[in-house]
Amino acid sequence: MRRTRLTFCALVATLIAAAGAAAGGDTVDEFAAALQGKLHYNDARTALCTHYSHIGVTKTERLGMEGVWIYYNRKRTEVSPALLTIRIAAPAGQISAPRTREETPLSITETADAVTGTLLFAATDALQYTLRTDHPYTAELLIPKTGDEVRNVSYEPRSRMVIVRTEFPRSDGRDPAPTFPVAVALALPEGVTGIQVFTESRVQPRPVGEPFEDRHAEEVRLLLTGTPQAGEANFHCAIAMGDQVGDVLRMLDRARGQNLATSLAKSREWLSQALGSFSFDNVPDALRPAYASAVKALLFNTKAPHGKFGNNLACFPNRGTYCTHYNWDSCFQAVGLAHFNPKIAADGLRILVENQEADGKIPQFVCATWNRPGGAQPPLIAWAAWRLYEKTRDRKILDDIYQPVARNVDWWFAKRDPDQDGLVEYSEPVESGWDDSPRFDEGTIEGVDLNAYLVREMRILGDIAQLRGNEPEAKRWRDRAEALAKRIVDFMYDREANIFRDLRAPTNKFITVLTPASLMPLWVGVPIPEDKARAMIERHLLDPNQFFGPYPFPVVAYNDPKYNASKWWRGPMWPNIAWAMTEVLAKYGYKAQQREAINHLTGMMAKNDEIYELYNSQTGGPLGSPDQGWSCAVFVDWVQTLARG
């Protein structure tokens, strides 16, 4: 039996090598090698999730397809903790758990004394489990009960397909629909010779040559009996949700004819295309694993077109924590994606503008079937699009976002300036992206960062208008931008402390809590003398007692009374905000200090196998979600900054 396992492992290695020669070559191999021993598919947030799939798979202790998750409509949904698990009837006893498991960016191969199995995606939203054994086996299909939703379970013998159609409860209470449809289709290999259907009240054998159909609100549990096959037995399972449930059989048909070699080759082809212009050129050896991990996370977080995403790929902040397309996350994610896959970056911006609401608001996030009601998020779309244009010189993204961003800027002034003083307010803390920041402890604010972002958006609208040959419109946007920039200096600049500050609405009193938001006008560039700007950087941003500590740029200054090193937006280091501060340093010529900060930050982030959402600013310990999109994106950009020297 050990000979069978080793032979199959050797076969898998041979197939991978052959597929590599056909797709991706050295780049895919180098990428996979950098991640060796660094992948952890035991958590829904870090699950195996290739082909831009809306489903992910986790492995903990059983052979087969184990934990299967749907990433859809804001929060993850567990289809099953053990969707299709395998038990081998070996002479020495039953085997249901692997002894070894090898995780790669495209597959999971697990072995025991009498079995080898490989789990991978055969296509988008279609899983494949390839089994090799000399012994009889059983495979149990399990979909637990989730409520009162009826499950329709059917079997069609000519196609050897088991199909489960049901509804799952919504994952977020704001979703207007209380449930959403899900279809699971499983193709049985030829070696399956028996089916038993379990319900709460009975066990019912079903001949594999006869159709059946059951309707009930119980868990779905089928036990499939299999005999050993020459070569490999391939289980294929497609999962569809929402308006795609009618396509589940076509999805399965596209996958079911594939053997392991075919699916590996297609997976490598997908990865090669997704990696785009990825390269390790000039990436320091010590940062290669983390660099590859960041890129892997951005790709695994990206989802195929679905519903309100239109024809665009959607890059979620994290596939298991934030299962939706966020506004300002997409803008920061574009910073990293531009280095290897600018299409995903551009598609992410298009999703935002294509889902603009009638009054001009661009929502905080876009799900497949609904937008978040209420607040927006900081306006960064024109900046992200212009930065992408500078990288690719493709004007289409500028044309696509121009009119929607113009209407969105007008929306901010129409809907978020109730006192009509020309300075815009956040309607709620979440709208700022800084959720529980002490900036909001006393109520509504006119955000210094928000107004700075609007200056830049209007300047870029002016630049786009000029590219489009509309000089009067370009002048109008630039005039509006400079008028707002002047108001920021006139009303939000604390001359005595030489720092910009948020204003308490409606009194316009300075808010004295010190955060990196106070430096955002320098990132944008507002009209203060350069010596004042440099003095501000040296007095505040480069002060180790305020921001330039061992883990630079906490979201509240180290010495502020409200600083808390580990509490969300009250003191940790958030990589997207820290990245903006390194841009401030570069803008004003502090290249050595920028490099020092980047070295500290990338070194801290590279200590873990995944890149995290935020970090304790005293210890450097990771916090929040692993595989977080904007953190991965700015890590990629920081490494490229170091590589440029």
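For the sequence shown, the positions run -21 to -1, 1 to 624 when mature numbering (1 follows the signal peptide of the UniProt record, and there is no 0) is used.
Every residue, glycine too, gets a C-beta built ideally from N, C-alpha and C.
Given the structure is predicted, the values throughout are model-derived calculations rather than measurements.
Buried versus exposed call for residue i [16 or more other C-beta atoms within 10 Å across all chains shown]
{"i": "Ala265", "result": "exposed"}
{"i": "Val314", "result": "buried"}
{"i": "Pro186", "result": "exposed"}
{"i": "Val182", "result": "exposed"}
{"i": "Asn261", "result": "exposed"}
{"i": "Ala156", "result": "exposed"}
{"i": "Ala484", "result": "buried"}
{"i": "Pro500", "result": "buried"}
{"i": "Glu407", "result": "exposed"}
{"i": "Gly550", "result": "buried"}
{"i": "Thr598", "result": "exposed"}
{"i": "Val129", "result": "exposed"}
{"i": "Asp389", "result": "exposed"}
{"i": "Gln572", "result": "buried"}
{"i": "Lys570", "result": "exposed"}
{"i": "Asp104", "result": "buried"}
Separation of residue j from residue i, as counted between CA atoms
{"i": "Trp558", "j": "Glu211", "result": "49 angstroms"}
{"i": "Ala219", "j": "Thr39", "result": "24 angstroms"}
{"i": "Ala76", "j": "Asp5", "result": "34 angstroms"}
{"i": "Arg474", "j": "Ser497", "result": "13 angstroms"}
{"i": "Leu146", "j": "Val345", "result": "It should be noted that the sequence gives Glu, not Leu, for residue 146. Answer to the nearest angstrom: the Cα atoms are 22 angstroms apart."}
{"i": "Leu520", "j": "Gln223", "result": "50 angstroms"}
{"i": "Thr184", "j": "Leu203", "result": "It should be noted that the sequence gives Pro, not Thr, for residue 184. Cα to Cα, the separation comes out at about 10 angstroms."}
{"i": "residue 627", "j": "Arg194", "result": "What is shown of the chain runs -21 to 624, which leaves residue 627 out entirely."}
{"i": "Gln525", "j": "Arg466", "result": "27 angstroms"}
{"i": "Arg518", "j": "Ile507", "result": "16 angstroms"}
{"i": "Val143", "j": "Met437", "result": "52 angstroms"}
{"i": "Glu589", "j": "Pro605", "result": "6 angstroms"}
{"i": "Ser32", "j": "Glu119", "result": "24 angstroms"}
{"i": "Ala453", "j": "His318", "result": "29 angstroms"}
{"i": "Arg153", "j": "Pro352", "result": "8 angstroms"}
{"i": "Phe259", "j": "Arg267", "result": "7 angstroms"}
Distance between beta carbons of residue j and residue i, contact taken as under 8 angstroms
{"i": "Lys375", "j": "Pro321", "result": "At roughly 11 angstroms, the Cβ-Cβ gap does not stay under 8 angstroms, so Lys375 and Pro321 are not in contact."}
{"i": "Glu197", "j": "Glu179", "result": "5 angstroms"}
{"i": "Asn291", "j": "Ile341", "result": "Wrong, their Cβ atoms sit about 15 angstroms apart, outside the cutoff."}
{"i": "Val468", "j": "Val427", "result": "The Cβ separation is near 11 angstroms, so there is no contact."}
{"i": "Leu18", "j": "Glu82", "result": "4 angstroms"}
{"i": "Asp442", "j": "Trp365", "result": "7 angstroms"}
Simplified DSSP state of residue i, which is helix, strand or coil
{"i": "Glu192", "result": "strand"}
{"i": "Asp473", "result": "strand"}
{"i": "Ile360", "result": "helix"}
{"i": "Arg229", "result": "helix"}
{"i": "Cys216", "result": "strand"}
{"i": "Cys28", "result": "coil"}
{"i": "Gln175", "result": "strand"}
{"i": "Thr39", "result": "coil"}
{"i": "Phe288", "result": "helix"}
{"i": "Pro601", "result": "strand"}
{"i": "Val332", "result": "helix"}
{"i": "Asn297", "result": "strand"}
{"i": "Arg(-20)", "result": "Legend: pLDDT at Arg(-20) = 36, less than 50; position of this residue unreliable, value from coordinates given subsequently. Of the three classes helix, strand and coil, the one that applies to Arg(-20) here is helix, per DSSP."}
{"i": "Pro451", "result": "helix"}
{"i": "Leu202", "result": "strand"}
{"i": "Ile142", "result": "strand"}
{"i": "Phe(-14)", "result": "For Phe(-14), the pLDDT reaches just 48, beneath the cut-off of 50, and the residue's location in the model is therefore unreliable, although a value from the coordinates is still provided. DSSP places Phe(-14) in helix when its eight states are reduced to three."}
{"i": "Asn430", "result": "helix"}
{"i": "Thr281", "result": "strand"}
{"i": "Pro408", "result": "helix"}
{"i": "Gln15", "result": "coil"}
{"i": "Gln107", "result": "strand"}
{"i": "Asn350", "result": "strand"}
{"i": "Asn162", "result": "The residue asked about is misnamed: residue 162 is Ala in this sequence, not Asn. Strand at Ala162."}
Cβ neighbours of residue i in the same chain (closer than 6 angstroms, five flanking residues each side left out)
{"i": "Phe177", "result": "Arg200"}
{"i": "Asp616", "result": "Val314 and Gly315"}
{"i": "Pro60", "result": "Gly46"}
{"i": "Arg55", "result": "Ala23, Trp48, Gly299 and Cys302"}
{"i": "Ala460", "result": "Val434, Met437 and Arg438"}
{"i": "Gly289", "result": "Glu333"}
Neighbourhood of residue i by C-beta, 7 angstroms cutoff - its chain only, sequence neighbours within 5 removed
{"i": "Glu577", "result": "Checking the sequence, you will find Ile at residue 577 rather than Glu. Excluding positions up to five away in sequence, the list reads Thr561, Trp617, Thr620 and Leu621."}
{"i": "Ala325", "result": "Leu367 and Ile376"}
{"i": "Ala253", "result": "Leu278 and Asn320"}
{"i": "Met44", "result": "Val36, Leu62, Leu63, Leu98, Leu106, Tyr108 and Cys216"}
{"i": "Pro115", "result": "Ala68, Gly205, Thr206 and Pro207"}
Same chain, Cβ closer than 8 angstroms to residue i, neighbours up to 5 away in sequence not counted
{"i": "Leu446", "result": "Arg374 and Leu377"}
{"i": "Tyr542", "result": "Pro533, Val535, Ala536, Arg549 and Gly550"}
Closer than 7 angstroms: residue i CB and nearest the ligand PLP heavy atom
{"i": "Ala23", "result": "Absence of the ligand PLP is noted for the structure shown, with no ligands found whatsoever."}
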